[in-house]
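Protein chains: 2
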Amino acid sequence: MLCLAALMGREASGYDIKKDLEKGSATGLIDASFGSIYPALARLANEGFVAVRSEGARGRDKKIYAMTPEGRAYFLRTLAGPLPDEKYRSPFLFAMLFADELPRARVRAMIDRQIALWEDKIQAIDTLTGQQPACAGENFVNGLGIATLKAGLDYLRRHRAAVEKAAQGEPSPVGAPSSQTSYPGAAAPAAE
Amino acid sequence: MLCLAALMGREASGYDIKKDLEKGSATGLIDASFGSIYPALARLANEGFVAVRSEGARGRDKKIYAMTPEGRAYFLRTLAGPLPDEKYRSPFLFAMLFADELPRARVRAMIDRQIALWEDKIQAIDTLTGQQPACAGENFVNGLGIATLKAGLDYLRRHRAAVEKAAQGEPSPVGAPSSQTSYPGAAAPAAE
DNA sequence: AGATCCATGTAAGACGTTACATGATTTG
DNA sequence: CAAATCATGTAACGTCTTACATGGATCT
């Protein structure tokens, strides 16, 4: 699916596809490693959804893949069919659920980092949007990304004080929780 | 990690943990199947991070797990350590990237569905927030979720017209792309 | 009585990443 | 000349989901 998507726009080698995904506006939304790209391309070629052409450019052996009409039809048919649920895995948000139990300095650092990450992502999308002309679909997705990222940033900036206040005040060298909430028989800190 | 998180708030059986995750405000953010929960609990018990107690309530054999001080320390230490990157997998956004090539009716339906999903999620968070008292961390995460979801909804409503206009106008029974963009030798539609 | 819920666990399989193995070419 | 980049692929490993196997209890 991913490889087919990459080949909708142009012909490419496995290596090219990896680069495209890294540089694309949608990092974190879409990515794949060589270990999945190469087998996927081989399978797609086998099924007739892509065509391979070897190119010995300057002595290198390079396999250039291109979508076939069957591949295109299959791809669009799949996209138009029922889609799986979306999934958002955020270790940051997961950690924030327990901000009350974490040292304040760490909570601050995590939020700082998240703000920086989201700012960078907005920046990256902006830059890419300025560079290449995009179709309506891409503009739509990029715009949606920017809108939600901005809303997230805004929320983080406005509400961070509340969580940070609730976090554990004592720096306490490393990981020794200062107030145990309500555990029967839980008193010994156990450093390691 | 997930199981430890669930056991931060209360004692529970594997079954209970699954239910908690399903009913928690963070569906899509956090989930796990029995196939991963039970082995995880066994491993954690083996490592001394949780304690097991069998309870033959009404003849049923039920294993109730509770966090140990070691487990608690381990959990908080991990959360305070370096966190992996966040990942957002959205088949919807992925499909929208190619909205220009999809039938307009399908694009409309997908956006309608996404709006409904996000509305439901906001509703679910609101309801849960009203029911149970939460710590600062949970309120923070819930608030952030609502803020970004609302921004997303707002964006979808304001900009959907643009993508829908760019999508393929001809309904054309099923999956036959009406305008091939620029593929050398791509003329035969190939229904299947 | 039959369906549904409570409850645990195993096995098979899908999927994806990391690391390894290899080698040419370009750049500093 | 060394380092980075281009380029492909395999193998090991981990993680998770699905499906299966099992059985008591509760509800209709």
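Read top to bottom, the protein sequences are chains U and W.
For the first sequence, this note's numbering assigns the number 5 to the initial residue and increments by one for each residue that follows.
For the second sequence, this note's numbering assigns the number 5 to the initial residue and increments by one for each residue that follows.
Glycine included, C-beta positions come from ideal geometry on N, C-alpha and C.
Bear in mind the structure is a predicted one, so any value in this text is a computation, not a measurement.
Query raised in the report: With distances taken between CB atoms, is the gap from leucine 148 of chain W to glycine 149 of chain U smaller than 9 Å?
Result: As a working note, residue 148 of chain W is residue 144 in the second sequence. As a working note, residue 149 of chain U is residue 145 in the first sequence. No, the pair does not count as a contact, with Cβ atoms beyond the cut-off.
Query raised in the report: Can you give, in chain order, each stretch of the alpha helix (DSSP H) that sits fully within the region 76-143 of chain U and has at least 4 residues?
Result: 95-100 and 108-135
Query raised in the report: If we count the other Cβ atoms within 10 Å of its Cβ and call it buried at 16 or more, is arginine 110 of chain W buried or exposed?
Result: Reading the second sequence from its first residue, position 106 is the one you call residue 110 of chain W. That one is buried.
Query raised in the report: Do we get a CB-CB distance below 9 Å when we pair cysteine 139 of chain U with the residues of chain W?
Result: Your numbering for residue 139 of chain U matches position 135 in the first sequence. Judged by the 9 Å Cβ criterion, cysteine 139 of chain U is in contact with chain W.
Query raised in the report: Alpha carbon to alpha carbon, how far is asparagine 146 of chain U from alanine 165 of chain W?
Result: Here residue 146 of chain U corresponds to residue number 142 of the first sequence, with the count starting at 1. Here residue 165 of chain W corresponds to residue number 161 of the second sequence, with the count starting at 1. Between asparagine 146 of chain U and alanine 165 of chain W, the C-alpha separation is close to 16 Å.
Query - Segments assigned alpha helix (DSSP H), at least 4 residues, entirely inside the region 7-81 of chain U - result: 18-27 and 38-50
Report task. Please confirm if threonine 133 of chain U has its CB atom under 9 Å from at least one CB of chain W. Result -> Here residue 133 of chain U corresponds to residue number 129 of the first sequence, with the count starting at 1. By this cut-off, threonine 133 of chain U is not an interface position.
Query - Selected residue, minimal CA-CA separation from glutamine 172 of chain W, among W/Ala103, W/Arg161, W/Gly134 and W/Leu160 - result: Looking up residue 172 of chain W in the second sequence gives position 168. Glutamine 172 of chain W has its Cα closest to that of W/Ala103, out of W/Ala103, W/Arg161, W/Gly134 and W/Leu160.
Query raised in the report: Of all Cβ atoms in chain W, is any one closer than 9 Å to the Cβ of glycine 147 of chain U?
Result: Position 143 of the first sequence, counting from 1, holds the residue named residue 147 of chain U. Yes, contact with chain W.
Query raised in the report: Is phenylalanine 199 of chain W buried or exposed, if buried means 16 or more other CB atoms sit within 10 Å of its CB?
Result: Outside the shown range of chain W, which is 5 to 196, sits residue 199 of chain W, and nothing can be said about it.
**Report entry** Contact set between the region 34-46 of chain U and chain W, restricted to residues whose Cβ is under 8 Å from the partner
**Finding:** Ile34
Query raised in the report: When the cut-off is 9 Å and only beta carbons count, does alanine 49 of chain U lie next to chain W?
Result: Stepping through the first sequence from its first residue, residue 49 of chain U is reached at position 45. Taking CB atoms only, alanine 49 of chain U has no neighbour in chain W less than 9 Å away.
Query raised in the report: Taking C-alpha atoms, which residue in U/Lys23, U/Val167 and U/Leu33 lies nearest to leucine 101 of chain U?
Result: In the first sequence, residue 101 of chain U corresponds to position 97, counting from 1. Minimum Cα distance to leucine 101 of chain U is reached at U/Val167.
Report task. Identify which residue in U/Ala120, U/Trp122, U/Lys169 and U/Ala128 has its Cα closest to the Cα of glycine 141 of chain W. Result -> The residue labelled residue 141 of chain W in the question sits at position 137 within the second sequence. The shortest Cα separation from glycine 141 of chain W among U/Ala120, U/Trp122, U/Lys169 and U/Ala128 belongs to U/Lys169.
Query raised in the report: When burial is assigned at 16 or more other CB atoms within 10 Å of the CB, is arginine 14 of chain U buried or exposed?
Result: Taking the first residue of the first sequence as 1, we reach residue 14 of chain U at position 10. Classification for arginine 14 of chain U: exposed.
Query raised in the report: How would you label alanine 84 of chain W, buried or exposed, when you count the other beta carbons within 10 angstroms and need 16 or more for buried?
Result: As a position in the second sequence, residue 84 of chain W is number 80, starting the count at 1. By the Cβ-count criterion, alanine 84 of chain W is buried, with 16 or more other Cβ atoms from all chains shown falling within 10 Å of its own Cβ.
Query raised in the report: Which one of U/Asp89, U/Leu121, U/Leu11 and U/Thr82 has the shortest CA to CA distance from leucine 45 of chain U?
Result: Residue numbering aside, residue 45 of chain U sits at position 41 when the first sequence is read from its first letter. Selected option, being the one with the closest Cα: U/Leu11.
Report task. Rounded to whole angstroms, what's the CA-CA distance from alanine 49 of chain W to phenylalanine 38 of chain W? Just pull it up for me. Result -> Taking the first residue of the second sequence as position 1, residue 49 of chain W is located at position 45. Taking the first residue of the second sequence as position 1, residue 38 of chain W is located at position 34. Each residue's alpha carbon lies about 16 Å from the other.
Requested in this report: Give the residues from the region 9-29 of chain U that approach chain W closer than 8 Å (Cβ to any Cβ), ordered along the chain.
Outcome: Ala9 and Met12
Query - Contact check, aspartate 33 of chain U vs leucine 106 of chain W, beta carbons under 9 Å - result: Position 29 of the first sequence, counted from the start, is the residue given in the question as residue 33 of chain U. Position 102 of the second sequence, counted from the start, is the residue given in the question as residue 106 of chain W. According to the sequence shown, residue 33 of chain U is leucine rather than aspartate. It is not a contact, given that the beta carbons lie outside the stated cut-off.
Requested in this report: Decide if glycine 75 of chain W is buried, meaning its Cβ has at least 16 other Cβ atoms within 10 Å, or exposed.
Outcome: Locating residue 75 of chain W in the second sequence gives position 71, counting from the first residue. Buried.
Query raised in the report: Do serine 29 of chain U and isoleucine 68 of chain U come within 9 Å of each other at the CB atom, strictly closer than that value?
Result: Here residue 68 of chain U corresponds to residue number 64 of the first sequence, with the count starting at 1. Here residue 29 of chain U corresponds to residue number 25 of the first sequence, with the count starting at 1. Going by C-beta atoms, isoleucine 68 of chain U is not nearer than 9 Å to serine 29 of chain U.
Report task. Note down, in chain order, all residues in the region 81-99 of chain U with a beta-carbon under 8 Å from any beta-carbon belonging to chain W. Result -> Arg81, Leu83, Ala84, Leu87, Pro88, Asp89, Glu90, Lys91, Tyr92, Arg93, Ser94, Pro95, Phe96, Leu97, Phe98 and Ala99
Requested in this report: Leaving aside the five residues before and after isoleucine 129 of chain U along the sequence, list all residues of the same chain whose C-beta is less than 7 Å from its C-beta, in chain order.
Outcome: Counting from one through the first sequence, the residue named residue 129 of chain U turns up at place 125. Hits under 7 Å: Ser29, Asn146, Gly149 and Ile150.
Requested in this report: Would you check if there are 3 or more beta carbon pairs closer than 8 Å linking the region 117-136 of chain W to the region 117-134 of chain U?
Outcome: no
Query raised in the report: Beta carbon of lysine 91 of chain W, beta carbon of arginine 108 of chain U: below 9 Å?
Result: As a first step, residue 91 of chain W must be located in the second sequence, where it is residue number 87. As a first step, residue 108 of chain U must be located in the first sequence, where it is residue number 104. Not closer than 9 Å, so no.
Report task. Please check the pair valine 54 of chain U and alanine 77 of chain U, which I expect to be a contact at CB under 8 Å, by giving their CB distance rounded to whole angstroms. Result -> Numbered from 1 along the first sequence, position 50 holds the residue referred to as residue 54 of chain U. Numbered from 1 along the first sequence, position 73 holds the residue referred to as residue 77 of chain U. The pair is not a contact, with the Cβ atoms about 13 Å apart (cut-off 8 Å).
**Report entry** C-alpha gap between proline 95 of chain W and alanine 113 of chain W, whole angstroms
**Finding:** Position 91 of the second sequence holds residue 95 of chain W. Position 109 of the second sequence holds residue 113 of chain W. Rounded to whole angstroms, the separation of the alpha carbons of alanine 113 of chain W and proline 95 of chain W is 14 Å.
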